[in-house]
Amino acid sequence: MKAAAFHGVDLAIDAFAAEPGEASPSPATLVRWLDDQGLVAKGMRLRWDFLVRLGNTPPVVLLFRDGSASLLMRTSPEEGLVWLADPMMPFGTPPVPVDHLRLSQVWTGDIVLIKRNRNQSEADARFDLAWFVRMVLREKRPMRDILLAALISSILQLFPALIVMQVIDRVVNYHSMATLVSLSAFVIILSVYEILLTYAQKEMSLVVATRLDARISLHAFNRLLMLPLEFYEREQTGEVLGRFAAIFKVRDFITGQMMSTLLDLFVLIVLLPVLFYLCAPLAWMTVAAAGLIGVIVVVTLPAMTRVMGAYIQSDLKRNAVLYETVAGIKTVKTMALEGTRREDWDEATAHVVRWRLASGRLSNWINLLIQPINLFINRGIILVGAYLILIHASGMQAGALMAFMMLSGRVTAPLVGLARLVESFNEVTVSLSEAGSVLNQPTETLALTTGLRPPIKGALDFVHVNYTYPGSSTPALKDINFSIPAGTMLGLVGRSGSGKSTLTRLLLGVSRNYDGFVKLDDVDLREINLHYLRRCMGVVLQDNFLFRGTIKDNITAQRAGLTFEEVVKAARLAEAEEFIERMPAGFNTFIEEGSTNISGGQRQRLAIARAVVTDPKLMILDEATSALDPESEALVNANLEHLGAGRTMVIVSHRLSSLVNCDLIGVMDQGRMVDLAPHHVLVERCEIYRTLWLQQNRHLYKEDVKHDEEVMEKWDAHEKEESVQKAKMQKNGEADR
1473 MKAAAFHGVD LAIDAFAAEP GEASPSPATL VRWLDDQGLV AKGMRLRWDF LVRLGNTPPV
1533 VLLFRDGSAS LLMRTSPEEG LVWLADPMMP FGTPPVPVDH LRLSQVWTGD IVLIKRNRNQ
1593 SEADARFDLA WFVRMVLREK RPMRDILLAA LISSILQLFP ALIVMQVIDR VVNYHSMATL
1653 VSLSAFVIIL SVYEILLTYA QKEMSLVVAT RLDARISLHA FNRLLMLPLE FYEREQTGEV
1713 LGRFAAIFKV RDFITGQMMS TLLDLFVLIV LLPVLFYLCA PLAWMTVAAA GLIGVIVVVT
1773 LPAMTRVMGA YIQSDLKRNA VLYETVAGIK TVKTMALEGT RREDWDEATA HVVRWRLASG
1833 RLSNWINLLI QPINLFINRG IILVGAYLIL IHASGMQAGA LMAFMMLSGR VTAPLVGLAR
1893 LVESFNEVTV SLSEAGSVLN QPTETLALTT GLRPPIKGAL DFVHVNYTYP GSSTPALKDI
1953 NFSIPAGTML GLVGRSGSGK STLTRLLLGV SRNYDGFVKL DDVDLREINL HYLRRCMGVV
2013 LQDNFLFRGT IKDNITAQRA GLTFEEVVKA ARLAEAEEFI ERMPAGFNTF IEEGSTNISG
2073 GQRQRLAIAR AVVTDPKLMI LDEATSALDP ESEALVNANL EHLGAGRTMV IVSHRLSSLV
2133 NCDLIGVMDQ GRMVDLAPHH VLVERCEIYR TLWLQQNRHL YKEDVKHDEE VMEKWDAHEK
2193 EESVQKAKMQ KNGEADR
């Protein structure tokens, strides 16, 4: 807390909880907690000789073997001392000097570096070409060295041509052996120096490219994780993955073609003056030819951009078809949809081939226009130069012509490369736009990094809550009002579309733009840090995802470092211990991708174990037992009281038998909470609940079947009348608009 206060951040010690099984918090635990608090922290293990050379740094946290810690205030390598401050001492207490011997008796060797996160604006910055430029400019020193090496290398590239000129004009014409020996020695020295310089330049370029690659990948994936769930629900997964993959095309362009072309352009700074010195007419011809190439590229730029954009769009749609087919392969196989999916793939491929052919033909036409100019630069200039020598128009000799030809090739290569760079830039611009359509979406960054972190007990209050899904005109929740104390087991029941799952989405912070207030322990849910809120909850959905890894890894996914006893206890509560022990490797059994080697019921019970292993104070079970067989469901329902001990539980289920033991059951209908009471009260006074209960338990209430049918007829007539009225209102509203 003292180290954080140095950076202007106040930490609430009540919000910290050591990982279960840890006698004292480990560096990894502290780092995760500090990151959640909006700081940037890093754990390291240092030797004394490195620690004593840290100098006068901001406070560094040193971890001791007894679980305590101290602040490193300053160091003195000359004296072999470090000055430590006890965070429990009053403010203003001077630090105590400690030598290596005394520190080694208590210090674990671990330190935690802390600084304030000042790069949030950069993390939220718009993903565009300007962002890439800023990333490149962060490598100022290595880029300066690379440019300096490129400039020196360009100067060195002059010498081979000049040496050839001297060999032809002096050594060959005048048979000068001494000049040949001198030039030979110079060539050897020059070659060694050029080899070393080229190696250094490539090594530095590799380092810069690797750093940029890492920054781009980390930033892009972090933005992907910060996007709200609503974005993924409305977008096709295949298209999202395809657009995200476009980032790597931009990365390859920035770190590869663009960097190498820009470095090659430094050759022009040195070589163009030399070309004009050797022969001005030929130099002007070379520059004019290169300029003509640039004009051709610029003129064809709009057409190439349009064609490449259409090609990338068609490729994204084809990738979406591929992803959907692979993800839904069970449905494809069981319903014999191979023919339908093949038709969709063929149609998507036809569009890709069409635009690929169009882009290839356009590129060929551009090359057809450029190639004659390029050939003239490489072959025609020697003929013009020979003509100038014959008529003695420029005073140039044969050696100078050979030198000019060697240097002109080095001049035209960067110019042609620049033209190709502009051509490739069209595709990169489209790729950047596609990637930006994903990464520039509004994120949850503010909610995930700011907000309160109060101790969670589990009391819930809904006060006049109304919510409408984006793009819909019908409210999903209408004036929801209820309160439950901490430790309550609340069941939610209702027909499909009644608003049960929408209510849980609000609790999870998935949807935050609602009217009214949702309070957790008298704190507005929107004021609580979203990451902290979700870590304090246990959630089991109808269709749960298990990661590729062992059963133990999946159960402890939310909080690493749990003891094996904690894992077994969670599995026992979820009725998963029995089938886990039957497996050959037990808790170390490896779960394949897509959980193909376990059944749906086993996957659901592992998800329940994963939710309870962190001992959350608030649990949400949304159709958590829907995939279980009757026996497993009965066992899990019997354990609900144990699962709910000491915590608030919100259970959404269509099976009323699993909600009978709930303290309160909320009956939802068309977005409203029509009743809230225990089971025995609802059966007596709530017609909707009684109808659903009788539907599911006809065998127990044969005498009420006739009454049930009458109630159902009334209810269906009521729903039909409401649907007709709603359609009329919607039609009248459209007519008014």
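Using my numbering, read the sequence shown as starting at 1473 and increasing by one per residue.
C-beta atoms are modelled at their ideal positions from N, C-alpha and C, and glycine is treated no differently.
None of the values given here were measured: they were computed from a predicted structure.
- Residue 2101 sits in coil when the DSSP states are folded into three classes, being neither helix nor strand.
- According to DSSP, residue pairing for residue 1546 in a beta bridge involves 1555.
- Residue state for residue 1694 is assigned as helix, using DSSP reduced to three classes.
- At a Cβ-Cβ threshold of 7 Å, residue 2097 and residue 2129 do not count as neighbours.
- The region 1901-1913 and the region 1738-1757 do not touch, with fewer than 3 CB-CB distances between them shorter than 8 Å.
- Excluding residues up to 5 positions away in sequence, 1792 lie with their Cβ nearer than 6 Å to the Cβ of residue 1708 in the same chain.
- The way I'd put it, the region 1563-1575 doesn't touch the region 1868-1878; fewer than three beta-carbon pairs between them come closer than 8 Å.
- Inclusion of residue 1986 and residue 1980 in the CB contact set at 7 Å is not warranted, their separation being larger than that value.
- Bounds of the alpha helix (DSSP H) holding residue 1632 are 1630-1638.
- For residue 2059, there is no enclosing alpha helix (DSSP H), as DSSP gives it neither H nor E.
- Within the model, the alpha-carbon separation for residue 1938 versus residue 1826 is close to 49 Å.
- With a cutoff of 7 Å on beta-carbon distance, residue 2115 and residue 2075 are scored as not near each other.
- Here residue 2001 is actually not in contact with residue 2024; their C-beta atoms are around 28 Å apart, not less than 8 Å.
- The beta carbon of residue 1569 sits closer than 6 Å to those of 1553 and 1555, all from its chain and outside the five residues before and after it, given in chain order.
- If you draw a straight line from the Cα of residue 2107 to the Cα of residue 2040, it is about 17 Å long.
- For residue 1631, the closest of 1661, 1610 and 1782 by C-alpha to C-alpha distance is 1661.
- Residue range 2151-2157 is occupied by the alpha helix (DSSP H) that includes residue 2151.
- The alpha helix (DSSP H) runs of length 4 or more contained entirely in the region 2014-2097 are, from start to end of the chain, 2023-2027, 2036-2045, 2049-2054 and 2072-2084.
- In the displayed model, residue 1933 falls within a strand according to three-state DSSP.
- If only uninterrupted alpha helix (DSSP H) runs of at least 4 residues are considered, those enclosed by the region 1678-1724 are 1701-1706 and 1709-1724.
- Judged by DSSP in its simplified three-state form, residue 2000 adopts strand.
- In this structure, residue 1727 places its C-beta atom within 7 Å of the C-beta atom of residue 1684.
- In this structure, residue 1814 lies away from residue 1804, with their beta-carbon atoms at least 7 Å apart.
- Judged by DSSP secondary structure, residue 2120 falls within the beta strand (DSSP E) whose first and last residues are 2120-2124.
- Within the model, the alpha-carbon separation for residue 1949 versus residue 1943 is close to 15 Å.
- The beta-carbon separation of residue 1535 and residue 1501, rounded to 11 Å, does not stay under the 8 Å limit for a contact.
- Within the same chain, 1779, 1780 and 1783 come within 7 Å of residue 1831 by CB-CB distance, once the 5 residues on both sides are set aside.
- In terms of CA proximity to residue 1746, 1629 leads the group 2087, 1629, 2110 and 1909.
- Counted as a single uninterrupted DSSP element, the alpha helix (DSSP H) harbouring residue 1774 occupies residues 1773-1799.
- Here residue 1532 is not near residue 1549, since their CB atoms are 7 Å or more apart.
- Closest in C-alpha terms to residue 1842, from the list 2105, 2123, 2035 and 1766, comes 1766.
- With a cut-off of 8 Å on Cβ pairs, the region 1713-1723 is in contact with the region 1904-1916, counting three or more such pairs.
- The beta carbon of residue 1642 sits closer than 7 Å to those of 1648 and 1651, all from its chain and outside the five residues before and after it, given in chain order.
- Annotation for residue 1861: the continuous alpha helix (DSSP H) segment containing it runs 1853-1862.
- In terms of Cβ geometry, residue 2088 and residue 1995 do not form a close pair [threshold 7 Å].
- Around the beta-carbon of residue 2151, 16 or more other beta-carbon atoms lie within 10 Å, marking it buried.
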